[in-house]
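Chains as they are written, first to last, in our numbering: chain A, 1 to 212; chain B, 213 to 424.
The beta-carbon is built from N, C-alpha and C at its ideal position, and this holds for glycine as well.
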């Protein structure tokens, strides 16, 4: 069931760094993205893969892991990602790239989850530094970095409370809590029904003939 | 296997319109998106659902189905989508919405594919007309429309030819052909290796001591 995979696919930021990920695994994941939808089928996305220690360190230092976890500088040595997939846009191909990148990122993360891996889609990137270190030609825009590894933390989903605060947080036992909005808060489908119920309330309060 | 689902999840534009989709099915699909990643966990996306004939027609007329299929005005009555999920951004919540929308769209389409449905992620929308007809408040920006139904066409994936043309096309039997770039064309991972091979070529051409 895709639902099980989606629920299992959480954002992880700490890993068993000693568990290697093969280049072939990364290629299989990109191949899933390759077979996914692209605006006007233009396929402007390109990918940089990394699963070697040296290249991984080069990438790691340009990333921010979990902006809300104040005081936490990101995963320490030994708990860092084993691999990265960097999603780039070929600016000479198409300007419609952001939806494509979201589609590709989710596809790759679901594929990784199925393989017993996990990770985090990172947009908080020091792009110019990363470009310089990896010698990325100006033609390619860095969009997202997918950090991948064997997850070493527990993530639980909760419901957003009355305060409306959606910030994730980590408890004293290191469990990561993620508040999600309830389903009925994100569906605004019943526009007509809502309008009618508002009209009804108005009539009850002010009488059926009151101007609206 | 997620790969099977991803391969099955093609962009479909003609449907068995008589096959209804229940509101509960649409809610289940949005619930999958609800459990997916969101930048800074801000969850700015909202959804409008439609599976009724009248509302579907209202949405349909603001959409362009398959811009490359010149001379085809979109699916005719009887082959139109049975349902829609409109993805909106709550502009008061976050400005990072496009990756979220791509993630949500792919999640929903994979969920729909598993249910034997299919459809098309549409960004080519006459947004102001749609906003007016559905009375969408200015607070919400219309991002994508997901058209859903029971697919009534065959879609095949091919490899992009030497011309580099990525336009999809429909043959005389109505089969829809989609050229995808080869995996090795979209991975630019081997930057260091490429640099070294360029240096080697340079040395072969101009001698090992030539200035580079």
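For residue i, which residues of its own chain have a beta-carbon under 7 Å away from its beta-carbon, when the five flanking residues on both sides are left out?
{"i": "residue 159 of chain A", "result": "179, 180, 182"}
{"i": "residue 67 of chain A", "result": "124"}
{"i": "residue 22 of chain A", "result": "51"}
{"i": "residue 167 of chain A", "result": "68"}
{"i": "residue 229 of chain B", "result": "290, 291, 292, 294, 361"}
So, does the CB of residue i fall closer than 7 Å to a CB anywhere in chain A?
{"i": "residue 232 of chain B", "result": "no"}
{"i": "residue 219 of chain B", "result": "yes"}
{"i": "residue 246 of chain B", "result": "yes"}
{"i": "residue 424 of chain B", "result": "Because the pLDDT of residue 424 of chain B is 42, which lies under 50, any placement of that residue in the model is unreliable, and the number read from its coordinates should be weighed accordingly. Chain A contact via Cβ: absent."}
{"i": "residue 393 of chain B", "result": "yes"}
{"i": "residue 380 of chain B", "result": "yes"}
{"i": "residue 243 of chain B", "result": "yes"}
{"i": "residue 311 of chain B", "result": "yes"}
{"i": "residue 269 of chain B", "result": "no"}
{"i": "residue 297 of chain B", "result": "no"}
{"i": "residue 214 of chain B", "result": "yes"}
{"i": "residue 398 of chain B", "result": "yes"}
Round the Cβ separation of residue i and residue j to the nearest angstrom and send it over; I've been treating them as touching at under 8 Å.
{"i": "residue 76 of chain A", "j": "residue 39 of chain A", "result": "Not a contact, Cβ separation roughly 39 Å."}
{"i": "residue 331 of chain B", "j": "residue 244 of chain B", "result": "About 14 Å separates the two Cβ atoms, so there is no contact after all."}
{"i": "residue 98 of chain A", "j": "residue 396 of chain B", "result": "That belief does not hold up - the Cβ atoms of residue 98 of chain A and residue 396 of chain B are roughly 25 Å apart, past 8 Å."}
Tell whether a beta-carbon distance below 7 Å holds between residue i and residue j.
{"i": "residue 9 of chain A", "j": "residue 109 of chain A", "result": "yes"}
{"i": "residue 333 of chain B", "j": "residue 317 of chain B", "result": "yes"}
{"i": "residue 140 of chain A", "j": "residue 88 of chain A", "result": "yes"}
{"i": "residue 35 of chain A", "j": "residue 219 of chain B", "result": "yes"}
{"i": "residue 398 of chain B", "j": "residue 47 of chain A", "result": "yes"}
{"i": "residue 146 of chain A", "j": "residue 117 of chain A", "result": "no"}
{"i": "residue 12 of chain A", "j": "residue 137 of chain A", "result": "no"}
{"i": "residue 214 of chain A", "j": "residue 74 of chain A", "result": "Missing from the structure shown is residue 214 of chain A; chain A here goes from 1 to 212 and no further."}
{"i": "residue 270 of chain B", "j": "residue 345 of chain B", "result": "yes"}
At the 7 Å Cβ level, is residue i part of the contact set with chain B, yes or no?
{"i": "residue 165 of chain A", "result": "no"}
{"i": "residue 126 of chain A", "result": "no"}
{"i": "residue 17 of chain A", "result": "no"}
{"i": "residue 82 of chain A", "result": "no"}
{"i": "residue 89 of chain A", "result": "no"}
{"i": "residue 193 of chain A", "result": "Because the pLDDT at residue 193 of chain A is just 49, under 50, the model does not fix this residue reliably, and the point stays unresolved."}
{"i": "residue 71 of chain A", "result": "no"}
{"i": "residue 102 of chain A", "result": "yes"}
Counting only the same chain and skipping the five closest in sequence on each side, list residues whose C-beta sits under 8 Å from that of residue i.
{"i": "residue 382 of chain B", "result": "281, 284, 388, 389"}
{"i": "residue 326 of chain B", "result": "217"}
{"i": "residue 268 of chain B", "result": "262, 292, 293, 294, 295, 296"}
{"i": "residue 101 of chain A", "result": "45, 87, 89, 143, 144"}
{"i": "residue 161 of chain A", "result": "179"}
{"i": "residue 153 of chain A", "result": "12, 13, 14, 174, 175, 176"}
{"i": "residue 377 of chain B", "result": "391"}
> Quick one, which residues of the stretch 105-120 of chain A are near chain B if we go by CB-CB under 9 Å, in chain order?
Replying inline: So the close ones are 105, 106, 107, 109, 110, 111, 113, 114, 120.
> Taking any Cβ of chain B, which residues in the stretch 36-55 of chain A have a Cβ under 9 Å from it, in chain order?
Replying inline: Hits within the stretch, in order: 36, 37, 38, 39, 40, 41, 42, 43, 45, 46, 47, 48, 49, 50, 55.
>> So if I threshold CB-CB distances at 9 Å, which residues from the stretch 337-367 of chain B count as touching chain A?
In response: For the stretch 337-367 of chain B, residues whose beta-carbon sits nearer than 9 Å to a beta-carbon of chain A comprise 346, 347, 348, 349, 352, 355, 356.
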